[in-house]
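Numbering (our numbering), first residue to last: 9 to 385.
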Amino acid sequence: MCCFRKIVLLCTVLLMMGAFSGAFADEAAIPVGQERKFNRFFVWGRLADDACARAAKEIGVTDITVNWKNPAELALAKKYGFKAYAKFGPQGARPQKITPQEMALQERLNGKDIPIPKNASPEEKAALEKKRSEFRKASNTQWGGEPSPEAVEGDVLMDGIPCFAGEEACEKSKAVLKKICECNEIDGIAFDYIGYVNFKGCYCENCLKMYKQYIDDNKLIDDEKAKNAFYLKQLLDYNNSMVDYIKSLRPEFKVMAHLYPVFLPEPLYGNRLKVDYCGQTAAWYCLWSPEKIRSYSAIISREQNKYFPGVTGVAFIGYYDSSHLPEFPHKTPERVELELKAILDGGAEQLMLCSMNDVIGNREIAEVFKKYCAGKH
9 MCCFRKIVLL
19 CTVLLMMGAF
29 SGAFADEAAI
39 PVGQERKFNR
49 FFVWGRLADD
59 ACARAAKEIG
69 VTDITVNWKN
79 PAELALAKKY
89 GFKAYAKFGP
99 QGARPQKITP
109 QEMALQERLN
119 GKDIPIPKNA
129 SPEEKAALEK
139 KRSEFRKASN
149 TQWGGEPSPE
159 AVEGDVLMDG
169 IPCFAGEEAC
179 EKSKAVLKKI
189 CECNEIDGIA
199 FDYIGYVNFK
209 GCYCENCLKM
219 YKQYIDDNKL
229 IDDEKAKNAF
239 YLKQLLDYNN
249 SMVDYIKSLR
259 PEFKVMAHLY
269 PVFLPEPLYG
279 NRLKVDYCGQ
289 TAAWYCLWSP
299 EKIRSYSAII
309 SREQNKYFPG
319 VTGVAFIGYY
329 DSSHLPEFPH
339 KTPERVELEL
349 KAILDGGAEQ
359 LMLCSMNDVI
369 GNREIAEVFK
379 KYCAGKH
């Protein structure tokens with residue numbers, strides 16, 4: 009009997025060893041001393057000239073947004089072998105409507121309570137702009153990312169976004185997309201700014217009417233849960249109908265997106281979209297913990313095909329150079345490397361960045377991205 013138990017124990021240990029070796033097979037396959045790299049590198053930026061395009065190529069850029077009406081940019085993208093995407097944002101008949109409290113905060117973030125006189129001297133303008141900047145810092149605005157717990161007044165996006173709900177907005181959007189799809193020098197279209205100014209919903213008359221119809225049709229209680237479901241549905245319906253329209257005109261076009269601004273009730277809803285490459289924020293411009301970066305990266309990569317096959321989840325990292333954009337936190341090369349490693353640790357294999365121009369404009373930061381993005385693809 010003792011002998012039998014020993015055999016059982018030995019078999020169990022061997023099975024466990026096999027399981028562990030399988031779990032770490034990918035890591036073991038990486039040669040010693042060789043850094044992991046991203047398979048593809050999407051960037052939001054501008055191909056200003058040949059030197060800019062060459063610098064982008066050196067850090068490993070594969071896919072880039074372009075001004076599709078600018079022949080020079082299109083020619084540079086082709087010359088350096090980049091996949092080129094025309095930028096597209098939501099179109100609508102009216103701006104989104106937010107609450108009076110949210111509107112007041114938005115106005116303060118934009119400096120309405122610190123007016124700059126037209127006849128102000130350059131020194132006076134600089135001093136007033138500094139005061140505006142100091143307020144934005146003190147308010148802990150996250151520039152469209154997940155609001156900080158320290159933002160006691162809440163947070164809103166400083167920019168306005170058209171209301172994209174309803175047939176009229178869809179038709180306006182399709183008219184713009186139709187023109188873009190007539191361009192033969194691009195490889196696809198990049199979605200941005202498809203979201204809500206307050207990160208929750210739009211309260212214009214049309215949206216409130218549609219919401220009332222939604223809860224009546226589905227026999228729902230008018231509560232937070234129903235509101236969140238409705239406004240998420242609006243996001244999904246708009247995004248997916250625009251993807252369907254693009255594919256109906258140009259089946260070969262690829263659609264990439266960055267989910268921005270954040271939708272607070274479900275920040276990582278991107279796997280519900282039909283886009284080819286879905287960029288979801290894994291590391292924001294403001295400093296997130298490595299644990300959060302790893303966790304978000306894991307969801308972005310692991311659940312990319314939960315709803316639709318063929319969708320590639322792409323981890324987004326934000327970087328602005330604080331030397332000329334001081335309202336954003338300073339990210340050292342060491343910090344950027346920590347974030348890229350955390351994204352890789354989470355399992356993401358595709359990377360998306362904004363802003364490429366800030367990266368290539370800083371030699372030390374560019375070297376970090378080159379280390380993890382150049383050479384594998």
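All C-beta atoms in this analysis are idealised placements derived from N, C-alpha and C, irrespective of residue type, glycine included. As the structure is a prediction and not an experimental result, all values here were calculated from the model.
Short Cβ contact (7 Å threshold) for residue i with residue j
i, j, result
"Ser305", "Ala382", "no"
"Asn279", "Lys314", "yes"
"Met264", "Tyr88", "no"
"Gly174", "Asn214", "yes"
"Gln358", "Arg140", "no"
"Leu84", "Glu193", "no"
"Lys91", "Asp167", "no"
"Leu185", "Ile254", "yes"
Residues near residue i by beta carbon distance below 8 Å, same chain, minus five either side
i, result
"Arg302", "Ala350, Ile351, Asp353, Gly354"
"Pro157", "none"
"Val251", "Val263, Leu281, Lys282, Val283"
"Gln312", "Asn279, Cys286, Val319, Thr320, Gly321"
"Lys208", "Lys235, Asn236, Tyr239, Phe271, Leu272, Pro273"
Whole-angstrom distance between residue j and residue i, CA atom to CA atom
i, j, result
"Asp200", "Lys182", "15 Å"
"Pro334", "Ile223", "45 Å"
"Glu142", "Asn118", "12 Å"
"Ala159", "Pro170", "25 Å"
"Val319", "Arg310", "11 Å"
"Leu55", "Ala374", "16 Å"
"Asn206", "Arg144", "16 Å"
"Ile325", "Trp296", "11 Å"
"Ile202", "Leu267", "7 Å"
"Lys378", "Lys233", "44 Å"
"Pro155", "Tyr246", "24 Å"
"Glu372", "Val322", "24 Å"
"Glu176", "Asp58", "41 Å"
"Glu115", "Ser147", "13 Å"
"Arg62", "Cys191", "24 Å"
"His332", "Lys339", "13 Å"
"Gln109", "Tyr204", "15 Å"
"Ala112", "Lys138", "20 Å"
"Gln221", "Lys95", "33 Å"
"Asp231", "Phe172", "23 Å"
Neighbourhood of residue i by C-beta distance below 7 Å, restricted to the same chain and skipping five residues each side
i, result
"Tyr380", "Glu43, Lys45, Phe46, Leu348"
"Asp366", "Tyr327, Tyr328, Asp329"
"Ile307", "Leu276"
"Phe316", "Lys282"
"Lys300", "none"
"Pro298", "Leu346, Ala350"
"Asn248", "Leu281, Lys282"
Cβ separation of residue i and residue j, assumed to be a contact under 8 Å, to the nearest whole Å
i, j, result
"Cys60", "Ile368", "7 Å"
"Gly97", "Val270", "Wrong, their Cβ atoms sit about 16 Å apart, outside the cutoff."
"Gln99", "Lys180", "4 Å"
"Tyr277", "Thr107", "Not quite, the Cβ-Cβ distance comes to about 23 Å (not below 8 Å), so this is no contact."
"Ile197", "Phe238", "Not confirmed; about 26 Å, so no contact."
Residues near residue i by beta carbon distance below 6 Å, same chain, minus five either side
i, result
"Ile124", "Lys133, Leu136"
"Val51", "Val69, Ile72, Leu361, Met364"
"Cys189", "Leu257, Arg258"
"Val376", "Pro341, Val344, Glu345"
"Pro273", "Asn236"
"Cys294", "Gln150, Pro337"
"Lys65", "Tyr88"
Quiz item: Can you find at least 3 beta carbon pairs, one from the region 221-234 and one from the region 283-291, that sit closer than 8 Å?
Solution: no
Exercise. Say whether the region 98-106 touches the region 71-83, bearing in mind that this needs 3 or more beta-carbon pairs closer than 8 Å, one atom from each stretch.
Key: No, the region 98-106 is not in contact with the region 71-83.
Quiz item: Between the region 274-286 and the region 163-177, do at least 3 Cβ pairs fall closer than 8 Å?
Solution: no
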